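Numbering (our numbering), first residue to last: 1 to 391.
Reviewing the structure listed below.
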């Protein structure tokens, strides 16, 4: 594939190239460990996308649409990991996600940093000509920023996403800042002492792939039990490709330091565990769980694990502890930065418009239950039913 050829279909001063194979963009698409002037989140890195394509994407039969927007000299401006999904007889254009991405955004190179709304509108018109036909573009979980740069795709937004992103700024000296940075440091110390009365308490970050996979197995057992309590089914069992994604990402990316798996144990028995990515100076906490047995609840092992992980990150020189998407109270308490997430819901056909109307009705019904436990239960149930329908 020749990437330097000018695209005569484009109105903008760029060329657009679409492929279903990442290898076509091997000279442009950065991996998690790449040093690049571009801004990106881990979810859009080439090695993470490769795992997604081999697991969730392949097993759920998504059609990848990997997009490179290049300038006249062949240098990248934007890289967009998109895909097509068949939904209720309609074709929907989405970011590559599958519920394992917290932030959906392009990889932004310096020349595209300050694009305005008019330029992005032209890009969108050009992009539609290059992509296969679709009924609806549903671009969810779009942050207004990509790291510290504006996200050009924000100009396509049609409204706010239902949840937001939350980050904690890690201090250079954790010991000096701990009392001011944690919401209840004395309570955490008290729980740690109570836990220590049961036996030896240890926090450890996996040092080998074998150890990482063992921690992940324990984490998935705890998280699976949590899913059964809250959803009525285990996502690792019933959602195609979901478990494989975490196993394969650990296998592919642990050795280069991009995957981080940690555990909190009492007498060598894991009571809480966390799985995440480390890219640059940012830790992404993506999946965590703890033993749900009633006897462990007073010790708040999940909370203690998070705080041990924050302390570890600070001492490793990391600057950001990313709590991810979701407005759970604990994230709001810990975070210093709250990132608004947007969505673009853009129908192309009558079938697409019908999907929009159905989605709007569902959202209005959910809004009427705002603040109730029933809303949270229905939200999880609807998400689970949607996944099972697409198996």
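Note that the Cβ used here is the ideal one computed from N, Cα and C, for glycine as well.
Nothing here was measured: the structure is a model prediction, and the numbers come from that model.
Query                                                                                                              : Result
8 Å Cβ cutoff met for residue 105 and residue 151                                                                  : yes
Cutoff 7 Å; reference residue 299; Cβ partners in own chain excluding five residues on either side                 : 191, 194, 195
Cα-Cα separation, residue 204 to residue 264                                                                       : 7 Å
CB contact flag (residue 147, residue 343, <8 Å)                                                                   : no
Minimum length 3: unbroken beta strand (DSSP E) runs contained in the stretch 185-243                              : 201-205
Residues that residue 276 bridges to, as DSSP identifies them                                                      : 260, 285
Sequence-distant residues of its chain with Cβ nearer than 6 Å to residue 310 (five each side left out)            : 321
Three-state secondary structure (DSSP) of residue 302                                                              : helix
Contacting residues, own chain, Cβ-Cβ under 8 Å from residue 160 (five flanking each side not counted)             : 340, 341, 342, 343
Residue 210, buried or exposed, once every other Cβ within 10 Å from all chains shown has been counted against 16  : exposed
Residue 328 versus residue 334: straight-line alpha-carbon distance, rounded                                       : 11 Å
Host beta strand (DSSP E) of residue 76 (start-end)                                                                : 76-87
Cβ neighbour criterion (16 or more within 10 Å) applied to residue 266                                             : buried
Residue 46 classed as buried or exposed, judged by whether at least 16 other C-beta atoms fall within 10 angstroms : buried
Inter-residue CB distance, residue 258 and residue 271 (contact presumed, cutoff 8 Å)                              : Not a contact, Cβ separation roughly 26 Å.
When 350, 43, 38 are compared against residue 245, the one with the closest alpha-carbon                           : 43
Option in 242, 303, 217 with minimal Cα separation from residue 187                                                : 303
The stretch 214-227 contacting the stretch 279-298, beta-carbon criterion three pairs below 8 Å                    : yes
Euclidean distance between Cα positions of residue 77 and residue 112                                              : 6 Å
Contacting residues, own chain, Cβ-Cβ under 6 Å from residue 31 (five flanking each side not counted)              : 45, 46, 47
Alpha carbon of residue 254 to alpha carbon of residue 262, nearest angstrom                                       : 12 Å
Boundaries (first-last residue) of the beta strand (DSSP E) holding residue 68                                     : 63-70
Residues near residue 100 in its chain [Cβ-Cβ closer than 6 Å; skip 5 each side]                                   : 245
Proximal residues to residue 251 (C-beta, below 8 Å), its chain only, five neighbours per side dropped             : 209, 213
Segment limits, alpha helix (DSSP H) that includes residue 344                                                     : That residue, residue 344, is in no alpha helix (DSSP H); its beta strand (DSSP E) goes 341-347.
From 81, 15, 138, residue whose alpha carbon lies closest to that of residue 346                                   : 138
Closest residue to residue 392 among 91, 178, 316 (Cα-Cα distance)                                                 : A query on residue 392 cannot be resolved here, the shown segment of the chain reaching from 1 to 391 and no further.
Where residue 100 falls: helix, strand or coil (DSSP)                                                              : coil
First and last residue of the uninterrupted alpha helix (DSSP H) at residue 126                                    : 117-130
CB of residue 120 within 8 Å of CB of residue 156, strictly                                                        : yes
Three-state secondary structure assigned by DSSP to residue 388                                                    : Unreliable placement is indicated for residue 388, whose pLDDT of 45 sits below 50; no coordinate value is reported for it.
Supposed close pair residue 284, residue 324 - CB separation, criterion 8 Å                                        : 7 Å
Selection from 301, 238, 131, 219 that minimises the alpha carbon distance to residue 348                          : 131
Residues near residue 332 in its chain [Cβ-Cβ closer than 7 Å; skip 5 each side]                                   : 166
N- and C-terminal bounds of the alpha helix (DSSP H) containing residue 51                                         : 46-52
Three-way DSSP call (helix, strand, coil) for residue 252 in this model                                            : helix
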